[in-house]
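Each remark here refers to the structure printed beneath this line.
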Amino acid sequence: MKIVMPQSPRLIEGVHLNLDQFFVVVPALNEGDRIAGVIHKLKKHGFYNIVVVNDGSTDHTSESIPKVPGVYELIHIVNLGPGASTMTGIRFALLQNAAYIATIDADHQSDPAELIDLIKAMQEKDHVDLMIGSRFLKKNQIPLSRRFYNFAGNLISYLVTGLYVTDSQSGFKIMTRRFAEKLEIDYNGFEFCIDIIKKANMNRFKVAESPVSVIYTEETMAKGQSFREGLMMLGRLFNPFT
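One point on numbering: in our numbering, the residue at position 142 of the sequence shown is 155, and numbering is uninterrupted.
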């Protein structure tokens, strides 16, 4: 008779967390040249439950996603937006019994290794349910246009949520299961980041920030928010009919 011994939970030194219940959601739109690298870095640092939400990509994103255990591809037939992609990934992670859910962009701006720092920062504070990785709490080389957009975003975020954060537009964050279960993102566009903060504050979940690095390239600048998108975001957030 063959006896199968139960596997020990995967742990990271200095972090009291079972990584088998830690899921990373990666929204992806036309990231065929980058997505495999992000997944490789996540796995290198011990994160094996990776949910890629392919948001109607028209390039080779799907073909570039490694077909290995623990890496899931969820496909939107049409492009729905980063907010919808994030919500799709969160719902799937909850169905997989995730205790913690992280989100990270697929464009290599954020360093997956710093997820460990965010986890540690989250555990060092009491009862934090949403930990935001802030690019503005660390000395980073951030283009002036991005600083302006983020300043405006932070102001809008404060008006909408009643809570001031230094990086309201960060896509690099971790949330607990209890917050994720209550979360319903109402916006499909980039304003979804503000909506997440709003829902956390409205429902009295504790929000905190921790410094993270960021790297900007010509490609990531081209894919980021524009002035036009910022105006559209403003209109959607303050539209009384939504």
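Glycine is no exception: its CB is placed at the ideal position from the N, C-alpha and C atoms.
Beta carbon of residue i nearer than 7 Å to that of residue j
| i | j | result |
| --- | --- | --- |
| ALA193 | LEU93 | no |
| GLN4 | VAL51 | This structure leaves residue 4 out entirely; the chain is present only between 14 and 255. |
| ASN216 | LYS195 | yes |
| GLY69 | ASN201 | no |
| VAL225 | PHE185 | yes |
| THR71 | GLY45 | no |
| LYS212 | PRO125 | no |
| ASN110 | GLU86 | no |
| ASP120 | ARG47 | yes |
| SER183 | ASN167 | no |
| LEU131 | MET144 | yes |
Residue burial classification, residue i (beta-carbon count within 10 angstroms, cutoff 16)
| i | result |
| --- | --- |
| MET14 | The predicted model places MET14 with a pLDDT of 36, which falls under 50 and marks its position as unreliable, so this point remains unresolved. |
| ILE210 | buried |
| THR230 | exposed |
| ASP139 | exposed |
| ILE207 | buried |
| TYR177 | exposed |
| ASN62 | buried |
| LEU32 | buried |
| GLN154 | exposed |
| HIS29 | exposed |
| PHE164 | exposed |
| SER158 | exposed |
| GLY175 | exposed |
| VAL65 | buried |
| GLU204 | buried |
| LEU172 | exposed |
| PHE161 | exposed |
| PRO19 | Since pLDDT at PRO19 reaches only 42, below the 50 mark, its modelled position is unreliable, and the value read off the structure follows with that caveat. Exposed is the call here. |
Presumed contact (8 Å Cβ cut-off) between residue i and residue j, rounded CB distance
| i | j | result |
| --- | --- | --- |
| SER147 | SER77 | Rounded, the Cβ-Cβ distance is 30 Å, inconsistent with contact. |
| ALA112 | ILE187 | 11 Å between Cβ atoms; not a contact. |
| PHE149 | THR179 | 4 Å |
| ILE198 | THR99 | 6 Å |
| PHE218 | ASP118 | Not quite, the Cβ-Cβ distance comes to about 23 Å (not below 8 Å), so this is no contact. |
| PRO79 | ALA49 | 6 Å |
Q) Would you call the region 37 to 47 and the region 102 to 120 in contact, with 3 or more CB pairs under 8 Å? A) Flag = yes, the region 37 to 47 and the region 102 to 120 touch.
Q. At which residue ranges does the region 40 to 82 contain complete beta strand (DSSP E) runs of 3 or more residues, listed in the order of the chain?
A. With a minimum length of 3 residues, the continuous beta strand (DSSP E) runs that stay inside the region 40 to 82 are 63 to 68.
Q) What are the start and end residues of each continuous alpha helix (DSSP H) run of 4 or more residues lying completely inside the region 157 to 202, in chain order? A) Fully enclosed alpha helix (DSSP H) runs of 4 or longer: 157 to 174 and 190 to 195.
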